[in-house]
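If you count the sequence shown from 1, position 50 lands on 50 in the UniProt record's numbering, and the numbers rise without skipping. Backbone N, C-alpha and C fix where the C-beta goes; we use that ideal spot for every residue, glycine too.
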Amino acid sequence: DQRESDPIIEDLERMMGVLREEMHLTADRRGYIYGDIVIRDGEDEFNTSKLGMGGWAVPGTVEHLQFVEVNVDYALVVETAAMADRLIEEKFPKKENALIIATQGQASRGVRRLIHRLHYEEGLPIIVFTDGDPYGWYIYSTIKQGSINLAYLS
1 DQRESDPIIE DLERMMGVLR EEMHLTADRR GYIYGDIVIR DGEDEFNTSK
51 LGMGGWAVPG TVEHLQFVEV NVDYALVVET AAMADRLIEE KFPKKENALI
101 IATQGQASRG VRRLIHRLHY EEGLPIIVFT DGDPYGWYIY STIKQGSINL
151 AYLS
């Protein structure tokens with residue numbers, strides 16, 4: 001049961017001083033990105049704006065990814081896939097030179113790590129666009145500061 005294993009994995013992370021990704025423990029894919037950014041994933045190299053309107057699905061582990069080219073001015077993190085799809089349909093990423101990151105609700109760990117890396121390694125400004133309800137504020141705070149359980153990593 002995932003509810004039992006997550007706290008154990010978090011304890012192991014703290015005791016060993018490593019990320020779960022470094023122990024080859026990954027979460028399911030959820031979320032996608034779209035924009036003029038070239039990523040190297042193992043032997044593959046691709047521009048996420050050239051993969052169709054669905055963009056590129058963010059894997060559970062992003063530590064191995066290399067950012068070859070980042071040709072955007074900022075990243076717009078969008079809570080809902082429907083809004084992200086609409087922005088892509090309207091060519092917002094091209095018009096505004098932006099990277100769209102769709103979280104599809106609460107951002108998965110892979111998406112949060114990707115956002116963290118883009119900001120701290122590439123200096124990319126991050127803008128978060130959520131619903132204006134309490135859950136939207138919670139999503140924003142988790143992206144900005146990390147989850148409560150993983151605050152020691154933020």
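C-beta contact flag for residue i and residue j at 8 angstroms
i    : j    : result
V77  : F129 : yes
I126 : Y34  : no
Q104 : A81  : yes
S131 : E79  : Looking at the sequence shown, residue 131 is not Ser but Asp. Going by C-beta atoms, D131 is nearer than 8 angstroms to E79.
Y32  : A98  : no
S49  : P93  : yes
Residue i to residue j span [Cα, whole Å]
i    : j    : result
M16  : L114 : 22 angstroms
R40  : V72  : 17 angstroms
Q66  : F46  : 11 angstroms
S141 : E13  : 22 angstroms
Y111 : G55  : Reading off the sequence shown, one finds Val at residue 111, where the question assumed Tyr. Between V111 and G55, the C-alpha separation is close to 14 angstroms.
M83  : I9   : 33 angstroms
V123 : V68  : First, the residue type needs correcting, since residue 123 is Gly and not Val in the sequence shown. When rounded, the distance between both Cα atoms is 14 angstroms.
E96  : M53  : 16 angstroms
Outcome for residue i when other beta-carbon atoms lying within 10 angstroms are tallied against a minimum of 16
i    : result
I37  : buried
W137 : exposed
I88  : buried
S108 : buried
V58  : buried
R86  : exposed
P134 : exposed
Beta-bridge partners of residue i, as assigned by DSSP
i    : result
D131 : According to DSSP, which records beta bridges pairwise, D131 is partnered with nothing at all.
V38  : N47, E69
Y32  : A57, A102
Practice task
Taking only runs that begin and end inside the region 45-111, name each unbroken alpha helix (DSSP H) of 4 or more residues, in chain order.
Solution key: 81-89, 92-96
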